[in-house]
DNA sequence: GCGACCAGGTTTGCACATCAAACCGACCCG
DNA sequence: CGGGTCGGTTTGATGTGCAAACCTGGTCGC
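Chains as they are written, first to last, in the working numbering: chain A, 34 to 203; chain B, 34 to 203.
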């Protein structure tokens with residue numbers, strides 16, 4: 034299931050980026066998601082694809098299952114074996130991987146080892162070059178001016194450093 | 034400036050996602066980027082905003098400067114002080130933060146503490162709901178079928194078993 | 001039935017990273 | 001001078017990461 038993080042328990046600013054990183058920010062976690070999304074569902078395949086040590090992989094897989102990002106699905110009875118599959122929450126992480134891939138292609142490697150292409154409709158196949166747009170108005174998100182406002186929940190949280198004061202006597 | 038990672042030196046599949054995580058995937062790194070992008074450029078502000086221990090923060094800031102994601106910019110001479118600012122490469126990480134924010138809002142917290150809005154043109158202000166689209170053809174990227182092909186560079190690197198399709202399984 | 005082999009972990013022993021808290025030096029303010 | 005701020009560095013305890021060996025079932029060849 035979905036494992037909601039208690040934002041008040043996190044260090045620093047209450048922010049769902051930090052909450053997300055709490056669930057999938059440890060080493061290997063996102064690479065495990067990548068492998069599973071590529072169709073590698075078995076322990077050994079994920080181990081080979083990511084290069085993670087086996088004990089770390091065990092820990093990460095369990096954590097990701099607990100976080101509701103992966104689910105275990107048995108594929109064999111007589112040697113009881115299960116594969117790991119993305120849940121809806123896990124599939125929603127693919128944009129994160131896309132963002133990292135695009136950044137990595139541009140800034141972290143001399144020449145990208147993989148090219149993504151697609152063929153929308155019947156027009157020519159071309160390379161994917163992704164941008165974030167607002168689904169409501171179609172405007173690009175990163176360029177335009179975005180304003181951040183606290184929600185009621187956020188307002189309740191951000192009185193944090195004052196909570197020592199029981200007498201209101203300034 | 035840009036510190037390219039040697040893909041052959043990474044464990045597992047040669048992939049720029051792994052390379053990107055090598056540069057900005059350690060704990061606190063992305064939260065540091067978040068703080069700087071919010072306008073907190075000083076050591077103490079970043080420490081408070083992220084909640085990171087000060088020695089870790091020192092290490093991460095140095096690593097991010099070495100990776101070309103941040104740059105140090107002096108703002109005072111007589112006590113020699115510098116602030117940290119995003120480079121072009123650092124600004125290109127904002128889509129990664131946007132992706133994590135959106136996932137975190139949806140899956141990692143009960144009620145998001147911050148809402149993003151924007152006002153494109155003169156129409157009504159509305160909440161940002163971002164999607165990846167292909168800049169070339171305008172099609173949404175995550176839904177449509179994307180194919181992965183190895184580049185020459187990738188072929189040179191790889192003795193690994195490629196290549197399934199992205200399975201959006203149920 | 002016997003030994004080899006495989007998948008999916010668990011255990012072990014050691015190295016390295018992380019943490020909170022104390023410390024430090026330069027500077028400023030009164 | 002005394003106290004405070006800023007931007008770190010040092011310290012000692014604790015935790016996490018790693019490679020490699022080991023274990024537990026089950027299958028396969030013969």
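Cβ coordinates follow ideal geometry from the N, Cα and C atoms, glycine included.
Proximity of residue i and residue j at Cβ, strictly below 9 Å
i: residue 97 of chain A; j: residue 62 of chain A; result: yes
i: residue 103 of chain A; j: residue 85 of chain A; result: no
i: residue 101 of chain B; j: residue 66 of chain B; result: no
i: residue 186 of chain A; j: residue 146 of chain B; result: yes
i: residue 151 of chain A; j: residue 167 of chain B; result: yes
i: residue 133 of chain A; j: residue 121 of chain B; result: no
i: residue 161 of chain A; j: residue 69 of chain B; result: no
i: residue 285 of chain B; j: residue 173 of chain A; result: With chain B running from 34 to 203 in the structure shown, residue 285 of chain B is simply not present.
i: residue 141 of chain A; j: residue 55 of chain B; result: yes
i: residue 184 of chain A; j: residue 111 of chain B; result: no
i: residue 60 of chain B; j: residue 59 of chain A; result: yes
Where the alpha helix (DSSP H) through residue i begins and ends
i: residue 79 of chain A; result: 76 to 83
i: residue 70 of chain B; result: 62 to 70
i: residue 123 of chain B; result: 121 to 124
i: residue 87 of chain B; result: 87 to 99
i: residue 127 of chain B; result: 127 to 136
i: residue 49 of chain A; result: 49 to 57
i: residue 183 of chain B; result: From DSSP, residue 183 of chain B is part of no alpha helix (DSSP H) but of the beta strand (DSSP E) over 180 to 183.
Residues that residue i contacts on chain A, provided the C-beta gap is smaller than 7 Å
i: residue 161 of chain B; result: 167, 174, 179
i: residue 144 of chain B; result: 184, 186
i: residue 37 of chain B; result: 141, 142, 143
Residue i to residue j span [Cα, whole Å]
i: residue 193 of chain A; j: residue 81 of chain B; result: Its pLDDT being 42, under 50, residue 193 of chain A is placed unreliably in this model, and the coordinates cannot settle the point.
i: residue 164 of chain B; j: residue 175 of chain B; result: 8 Å
i: residue 201 of chain B; j: residue 126 of chain A; result: No answer about residue 201 of chain B holds up, because its pLDDT of 47 lies below 50 and its placement is not dependable.
i: residue 108 of chain A; j: residue 79 of chain A; result: 16 Å
i: residue 198 of chain A; j: residue 94 of chain A; result: Below a pLDDT of 50, predicted positions are generally treated as unreliable, and residue 198 of chain A, at 37, falls in that range; no measurement from the model is reported.
i: residue 113 of chain B; j: residue 131 of chain B; result: 34 Å
i: residue 148 of chain A; j: residue 182 of chain B; result: 5 Å
i: residue 139 of chain B; j: residue 170 of chain A; result: 20 Å
i: residue 203 of chain B; j: residue 74 of chain A; result: Because residue 203 of chain B carries a pLDDT of 42, less than 50, the predicted location of this residue cannot be relied on, and the following value inherits that uncertainty. Taking the straight line from one Cα to the other gives about 13 Å.
i: residue 117 of chain B; j: residue 106 of chain A; result: 46 Å
i: residue 72 of chain A; j: residue 38 of chain B; result: 26 Å
i: residue 115 of chain B; j: residue 128 of chain A; result: 34 Å
i: residue 57 of chain A; j: residue 87 of chain A; result: 18 Å
Contacts that residue i makes with chain A (C-beta to C-beta distance below 9 Å)
i: residue 182 of chain B; result: 147, 148, 149, 150
Proximal residues of chain B, C-beta to C-beta of residue i below 7 Å
i: residue 122 of chain A; result: 140
i: residue 46 of chain A; result: 82
Endpoints, the beta strand (DSSP E) within which residue i is located
i: residue 166 of chain B; result: 163 to 167
i: residue 149 of chain B; result: 147 to 151
i: residue 144 of chain B; result: Counting along the chain, residue 144 of chain B falls outside any beta strand (DSSP E), and DSSP gives it neither H nor E.
i: residue 103 of chain A; result: 103 to 109
Own chain, CB closer than 7 Å to residue i, minus 5 neighbours either side, in chain order
i: residue 35 of chain A; result: 101, 122
i: residue 135 of chain A; result: 163
Any non-hydrogen atom of the ligand GTP within 8 Å of residue i CB
i: residue 41 of chain A; result: The model on display carries no ligand, and the ligand GTP is accordingly not part of it.
Partners in chain B for residue i, counting only beta-carbon separations shorter than 9 Å
i: residue 130 of chain A; result: 50, 132
Nonlocal neighbours in the same chain, by C-beta distance under 8 Å from residue i, ignoring five residues either side
i: residue 50 of chain A; result: none
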